[in-house]
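Participant:
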Amino acid sequence: AGRGGEVEALMKDAKSISATTGVARRQAAATKLKDQEMLAFACRRANKTRNEAMAYYNMGVLHDNDKEYDKANTCYEQYLQAARAAGDTKGEQLALNSLGINLQKLSQLEAAIEIHNQHLQIAD
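Take the sequence shown: its letters are residues -12 to 111, numbered as in our numbering.
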């Protein structure tokens, strides 16, 4: 009977630690997201298009990590626009690939095919 209580207590502690870790991770992700938003804004004002583009990409990845694919795609669209404005073909390819994958995850298959075809047209 004593062992069962110990196991139960350990399980409860593990769940508590897991919940605390999850909250801390989400808070850290929210902070990183705000940092990237500020960076994108500052880079846009300073006309540093490539750095602005990377900030949008980083925001997309943070949203992807939280399975927020619509929000990630909004960031990847901004990344795509900034990469095109900077003449960054590799960035454009990465943006299109990221968009296509997320559209597949969202079961928007026609849109995913269209985006992947755009990627194919400029791939090296």
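For every residue, glycine included, the Cβ atom is placed at its ideal position computed from N, Cα and C.
Given 8 Å as the limit, is there contact between the stretch -6 to 11 and the stretch 19 to 34, that is, 3 or more CB pairs closer than that?
Facilitator: no
Participant: In chain order, what residues of the same chain have a beta carbon less than 6 Å from the beta carbon of Gln91, not counting five sequence neighbours either side?
Facilitator: Residue 91 sits at position 104 when you count from the first residue of the sequence shown. Counting only Cβ-Cβ distances below 6 Å, and skipping sequence neighbours, we find Ala99.
Participant: For Ser94, count the other beta carbons within 10 Å of its own beta carbon; 16 or more makes it buried, fewer makes it exposed. Which is it?
Facilitator: Taking the sequence shown and counting its residues from 1, one reaches residue 94 at position 107. The residue in question, Ser94, is exposed, as its Cβ has fewer than 16 Cβ neighbours within 10 Å.
Participant: Drop a sphere of 10 angstroms on the beta-carbon of Ala51, count the other beta-carbons inside from all chains shown, and report buried for 16 or more, exposed for fewer.
Facilitator: By 1-based counting over the sequence shown, the position of residue 51 is 64. Residue identity check: residue 51 is Asp in the sequence provided, not Ala. With at least 16 other beta carbons inside 10 angstroms of its own, Asp51 counts as buried.
Participant: What residue range does the alpha helix (DSSP H) around Lys54 cover?
Facilitator: For the purposes of this step, residue 54 is identified with residue 67 of the sequence shown, where counting begins at 1. Looking at the DSSP string, Lys54 is not in any alpha helix (DSSP H), and its letter there is neither H nor E.
Participant: From what residue to what residue does the alpha helix (DSSP H) around Asn104 run?
Facilitator: Walking along the sequence shown from the start, residue 104 turns up at place 117. Its alpha helix (DSSP H) spans residues Leu96 to Ile109.
Participant: If we count the other Cβ atoms within 10 Å of its Cβ and call it buried at 16 or more, is Met41 buried or exposed?
Facilitator: In the sequence shown, counting from the first residue as 1, residue 41 sits at position 54. By the neighbour-count rule (16 or more Cβ atoms within 10 Å), Met41 is buried.
Participant: Where in the stretch 16 to 65 do unbroken runs of the alpha helix (DSSP H), each at least 4 residues long, occur, reported from the N-terminal end onward?
Facilitator: 36 to 52
Participant: On the premise that Gln80 lies in contact with Ile109, defined as a C-beta separation below 8 Å, what is that separation, rounded to the nearest angstrom?
Facilitator: Translated into positions along the sequence shown, residue 109 becomes position 122. Translated into positions along the sequence shown, residue 80 becomes position 93. Rounded, the Cβ-Cβ distance is 6 Å, consistent with contact.
Participant: When you compare only the Cα positions, how much space is there between Arg13 and Asp111?
Facilitator: Stepping through the sequence shown from its first residue, residue 13 is reached at position 26. Stepping through the sequence shown from its first residue, residue 111 is reached at position 124. About 37 Å.
Participant: What does the alpha-carbon distance come out to for the pair Glu101 and Ala69?
Facilitator: As a working note, residue 101 is residue 114 in the sequence shown. As a working note, residue 69 is residue 82 in the sequence shown. C-alpha separation (whole angstroms): 20 Å.
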